[in-house]
Every structure is written in C-alpha cells, then in structure tokens.
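Q:
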Amino acid sequence: MLGSIYAMVALGLALIYGILEIPNFAHGTLYMLGAYIAYQLIISLGFPYWAALFCSAAVLFLIGMLIERIAFRPLYTQPMINSFIVAVGLILILENGVQAVWGPAFKRFPGASSSVFHLLNITITAQRVIVIVTAVVLIIALHFFIRHTRLGSAIEATSQNRKGAQLMGINVSMMGGLTFGLGTALAAVAACLVAPVLLIYPTMGGPVIAMAFVIIILGGMGSFLGAVIGGYIIGLAETLFACYVTTDYVEALIFGILVLVLSVKPTGLFGKGH
Amino acid sequence: MAATPWGKRIFLILVTAFVLVAPLIITGKYHQHIMVMCGIWVIASLALNLIMGYTGQLNLAHGSFFGIGAYATALLVQNLGFSFWVALPLGCAITAVFGYLTGLPTLRTKGHYFPIATMCLGIAIYYVIARWEGLTGGARGLFGLPRPDPISLPFDVTITFKSTIACYYLVLFFVFVTIVLISRLVKSLAGKRLIAVRGNEDLAQSLGINTMQVKVISFTISTLFAGLAGGLFAAYMGTLMAEQAHYLLSFEMLINVVIGGIGTMAGPILGGILLPILGEILQPLAGFRLILYGLLLVLCIHFLPTGIVGGLRAAVMRRRRRREAL
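So the sequences go chain by chain: A and B. Residue 163 in my numbering sits at position 83 of the first sequence, and the numbers go up by one each step. Residue 69 in my numbering sits at position 59 of the second sequence, and the numbers go up by one each step.
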C-alpha cells in the first residue's frame, strides 16, 4: 500500500522534473496541502470522501499551475540554484500557512469505508484495498493519457526535447503549466488516499518528499516507468525494514539507499544517462 | 590581490571598532544575547555561502551539520568529560568527517543530485537525532551543558565564560577567525577554482580542474565551520533540542545568505546579523514569521537575486558609470 502512494507521489515529481527540469522540493508540501483541503471539505462542508478527493485534486491542479506560472516560469533563464531556492521559499510559505490555519496537531481523516476484510489468514481494511486499486487505475490511466492522446504526446515530446517540441508548434510553456498542475494533483490524490490510514499533520510532507526523490533517482530521473517501479521497491523496502529491523531509522535507510544508488548507478534503473 | 581602497579600509576599521566595544554600549542582557546569536549565525551563514555562493552547490542540510557539531561537542563534554577546548575542535572534526563522507557520493554527479541528496540527508539526520534516545536524549534534548572552562593566563588572570559579554567576545573571536580564513580561501587560487566550478562545471573540468575534488573540499570546509557554529551554540545555550538539526534551520541559514547577498563575503555577514534581529522583532507573529520569510525569499530571488549586497553594488556601479558618462 505504501508503495502505491510513493509511486503516485514520485510519478508526479518525475512528470514535473521531466518537463521543467526542476526538482520541486515543495512537492511534499503540496501533497500535505491536498490532504488538508480534502479534510476541510469533509469536516465543514460535509462532502462525501470521493467528492472531497476529486475537489482537492482539482484545487491542487490549479494551485500547481499558478505556482508554475508565478514562481518558476520567470526563472527559466536564470541559474538553476534560483529555482531551488524559490522551492524552499514555497515550502516555508505553505507549511507554515497550513500550520497557521489548521494548527500543528495531528488530525484524523475519515475514510471511504471502515469495513475490514478477512481473506485466508490476512486481515486488511477496505481503505487499504481502495488505495491500492485507485493507485493502479490512476497510473494506468495516466499511462494511457500520455501515450494515446494528443495532449499527452505533446507533454512527452516536450519532456524529450524542449526545443524540438517548440519547433513542432507545441506550446511548451503551456505544457509546463499543465504538467505542474497534473503532477501536483496526483500528489493530492495520493495524500487523500493515504490520509485515512495514517494521520495528517503540517510536516507530513517532509519524509514523503525525501522518499519520492530517492525513488525518482532510483528509477532514473524523469523516467515514468522508473518512478512507478521505484515507488513499489522503496515502499516494500520501508515496510520490510520497519517490520524486521526498526521503525525509528527509516529515513536513514532511505538516505542509505540514495547513497548506494548514487555510488553504483547514478543514472538509476531506467535512466537515459547524461 | 588588488590593494583595498582607503574608503573601504576605513569603513572596515570603524565596523571592527564598533563590534569590539558594542557590549559596552549595548548593556541590556537580552540585546547582548541577540548579539551572541548573531555571531553564531554569521559563522554558519559564511560557511553555507562557501559551498552555495562560491561553489554553486545548494546544500539543504547545512542546519543538520550545525546540529551534528552542536551534539558532538555537547556529548564529548557531557558523556566523556572532555574540556570544552578539546571538545570544540573534535566536534568540528567529526562534523567535517561526516561532511566529507556524505560529500563523496553526493557530489560525484553534476546538477540536481546534490540539493536533492542533501535535502534527504537533512531530513534523515533530524529524525535520527530526534529518535536516538540513548545518545541524544531524543525529543527531550540535552540540557545542563556547562559553559566553556575558564582559561588561565599568567599573572593570575583567568578568563571565565559565565557572563554573556564573555561569550560575546568568545564568539566574536571565532567570527573573525572564520572571516579571515574564508576570505583568504576565496581570494586564493583555490577560491578561483571554486568560482570556476560554479560558473561552468564542464569548462572548469576541461581546464584541468578536478571539479569533484574542489567540490568535496569546499563542502568539507563548509561543514567544518557549520560544526564550529554548532559547538559554540551548544556551549552558549547549555541546552540542545532536535530542532537544532531540523531542516527549517537549514532554510533559515539559506535565507540569511540569499537576502544578504549570495556569493559575496559581506552578504552572509549582513544577513546573519539582520535576519536574527528581524526574527526577534517578528517574534509575536509566531508561525507567520516563517511565512513572511518564505515570501521574502521568493521575492528576493525574483527581484533582487544578488541580495542586499549585490543590489547595493549594482547601484554604486550605476552611479559611477553615470558620473563617468557626464
């Protein structure tokens, strides 16, 4: 289940990286924001779970486009370090903004269904099944969108060769905004899916963004397939480590994996190479 | 190296004289405390600027190295009974070794990997410190750390570090050491190599510069000074919390450098003094302070990417050019 969540978050990050070449450090914070927006819709407006998830994704799609337009697009011609710093600024704004509105405490998030299945000797809650199924459906849908629609092909073309795509008449700035929105919406869906199982809190994005970056480096920067497979590998590794070794130092394990990948094969499993 | 112009030299002498007598003029205990903190921030920001401003590699784990230095110094004093004067250099050395070991794999590749890796590292270090109850006290932190041991001089003179003023001069001493060492490094041939790597890594490599080595050395020195700032912080405050290794701390140092002026000597010094003071003024705003900082950071990159110092320099240049044109 964790793998599905990571795969979705990492896929969004990889999409954005593929087009804009920005490692969006604020991705985890946007993931957190997605969970809080859905939480607010459910608690105060009484939205059903799925409606809240959908609205949250739509809102985050717009926020993502807006951020790309205002914060990142004017910086394309400047040194990369400037975009990184802006992303850090966004983390500060969003994380503390959420904390100011909703407070720093953990919040419980009602799920779609609280029933429990028993299958052979395994007990599994319905929410976990929903997470896995939704993630798989979304990933397949996204694959279909990119491979078999005009818009998706335009996005892929832009990520492969920006100048070439521009010469073919593709509006690359537009694609940048769309992709940023899409990636962000994907993170929001992932957050809404996992929120009923875990809890939500303003700094929940930190460990997730670290995982997501390690995943896309493991999978190969900008590779969609790599992000999905890397997501499941890291999710599995984390679960096994937490189960058999310790839950305390999972973040250190993740950094260890990163160091391993960077030392052995910096281009990752499915990377295109430098 | 070109001779320093007279105007600049007089200005530097005046500033030095002011910081030397400052605690005699500003006698409030609270204000003196802020001055000590500014000194510590200046050291940390100068260190960050070395790798970020001069070498062009964004380190998002700088605060964590500060934390490692602080915890290493504190634990050497508290658990092993070392004197502060032994523990501080050892703490710096431990931080630098850690920096070197993490720099080796993460600086090997060009481009985006280093900021990403250091961001993950910062998060990892924070959680390890927050959860390693046995060593770091976990979330409770460490407390009751002693101030530096008194130094005995001939003629029965001893310097103690009980008062805030004494700590101020202690920190000030290290600020001067840091400024002298880093500015000499930056102006030396090695410094030119750093700047070459920042400008264009491929070009620097083709000119025969071992870019990997240059980056790792710069990073190691940078973490060494981060450790120094951390060690001083531990001895001065007497308490340590896991927050002293949090990635928010890295972000605050980043803000000091960017707002002050990235890639200049004066920038981090200015930022390291101005922003902690601003932080104290904005204390009543609590969480909104950081929202404001984030906004400031984004606006600064968009409209004043070279920070206050860079902006001032550009203004002076414009004026000079206009005068020459007349």
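Yeah, the Cβ is synthetic: ideal placement off N, Cα and C, and Gly gets one too.
#1: Please go through the segment 264-292 of chain B and give each complete alpha helix (DSSP H) segment of 4 or more residues, from N-terminal end onward.
#2: Indicate whether the contact test is met: 3 or more Cβ pairs, each with one atom in the segment 131-138 of chain A and one in the segment 269-279 of chain A, closer than 8 Å.
#3: What residues in its chain sit with their C-beta under 8 Å from that of Tyr97(A), if we drop five residues either side in the sequence?
#4: Is Ile78(B) helix, strand or coil when you go by DSSP?
#5: If you count every other CB in all the chains shown that lies within 10 Å of the CB of Asn220(B), and 16 or more means buried, which is it?
#6: Any idea what DSSP makes of Thr230(B), helix, strand or coil?
#7: Which residue comes first and which comes last in the alpha helix (DSSP H) that contains Ser124(A)?
#8: Can you give me the C-alpha to C-alpha distance between Pro125(B) and Glu334(B), rounded to a whole angstrom?
#9: I need the straight-line Cα distance from Val344(A) to Val326(B), nearest angstrom please.
#10: To which residues does DSSP link Lys187(A) through a beta bridge?
#11: Would you please verify whether the beta carbon of Pro190(A) is less than 8 Å from any beta carbon of chain B?
#12: Within the same chain, show all residues whose beta-carbon is closer than 7 Å to that of Val166(A), passing over the 5 residues directly before and after it, in chain order.
#13: Measure the CB-CB distance between Met145(A) and Pro282(A) and report whether it falls below 8 Å.
#14: Look up Ile150(A) in the DSSP assignment and give the residues it is bridged to.
#15: Using 10 angstroms around the beta-carbon of Trp16(B), count the other beta-carbons present and answer buried if the total reaches 16, otherwise exposed.
#16: What residue range is occupied by the uninterrupted alpha helix (DSSP H) comprising Phe21(B)?
#17: Using a Cβ-Cβ cut-off of 8 Å, state whether Phe298(B) counts as contacting chain A.
#18: For the candidate residues Gly83(A), Ile99(A), Leu278(A) and Ser163(A), whose alpha-carbon lies nearest to that of Gly244(A)?
#19: For Leu191(B), name the three-state secondary structure that DSSP assigns.
#20: So is Ile280(A) buried or exposed if we call it buried at 16+ other beta carbons inside 10 Å?
#21: Would you tell me roughly how many angstroms separate the C-alpha atoms of Ser193(B) and Gln67(B), rounded to the nearest one?
#22: If the cut is a Cβ gap below 8 Å, which residues of chain A does Tyr64(B) touch?
#23: If you check the beta carbons only, do Thr230(B) and Tyr81(B) fall under 8 Å apart?
#24: Taking just the CA atoms, how far does Thr347(A) sit from Leu24(B)?
#25: Would you call Thr238(A) buried or exposed, if buried means 16 or more other Cβ atoms sit within 10 Å of its Cβ?
#26: What are the residues of the segment 132-149 of chain B that lie near chain A, defined by any Cβ-Cβ distance shorter than 7 Å?
#27: Would you mind telling me which residues of chain A sit closer than 8 Å to Cys102(B), beta carbon to beta carbon, in chain order?
#28: Could you round the C-beta distance between Gly241(B) and Thr83(B) to whole angstroms and report it? I think they count as a contact, below 8 Å.
#29: Taking Ile272(B) and Leu285(B) to be in contact with their CB atoms under 8 Å, please state how far apart those CB atoms are, rounded to whole angstroms.
#30: At least one CB of chain A closer than 8 Å to the CB of Tyr246(B): is that the case?
#31: Determine, for Phe21(B), whether the minimum Cβ-Cβ distance to residues of chain A falls below 8 Å.
#32: Taking Met222(B) as the query, report the chain A residues whose CB atoms sit under 8 Å from its CB, ordered along the chain.
#33: In chain A, which residues lie less than 8 Å from Ile301(B) when you measure between Cβ atoms?
#34: Check the Cβ-Cβ distances between His122(B) and every residue of chain A, and say whether any is below 8 Å.
#35: Consider the Cβ of Ala90(A): report whether some Cβ of chain B lies at a distance smaller than 8 Å.
#36: Any beta-carbon of chain B closer than 8 Å to the one on Phe335(A)?
A: In terms of the structure at hand:
#1: 276-291
#2: yes
#3: Pro103, Asn104, Ile296, Met301 and Gly302
#4: helix
#5: exposed
#6: helix
#7: His107 to Leu125
#8: 43 Å
#9: 50 Å
#10: Ile280(A)
#11: no
#12: Ala151, Phe152 and Leu155
#13: no
#14: Bridge partners of Ile150(A): none, in fact.
#15: exposed
#16: Trp16 to Ile35
#17: yes
#18: Ile99(A)
#19: helix
#20: buried
#21: 18 Å
#22: Those do not exist, as Tyr64(B) stays about 12 Å from chain A at its closest Cβ, beyond 8 Å.
#23: no
#24: 53 Å
#25: buried
#26: Ile133, Ala134, Tyr137, Val138 and Arg141
#27: Those do not exist, as Cys102(B) stays about 22 Å from chain A at its closest Cβ, beyond 8 Å.
#28: 4 Å
#29: Going by Cβ atoms, the distance from Ile272(B) to Leu285(B) rounds to 14 Å, so no, they are not a contact pair.
#30: no
#31: no
#32: Those do not exist, as Met222(B) stays about 12 Å from chain A at its closest Cβ, beyond 8 Å.
#33: Leu172, Ile173, Asn176, Gly177 and Ala180
#34: yes
#35: no
#36: yes
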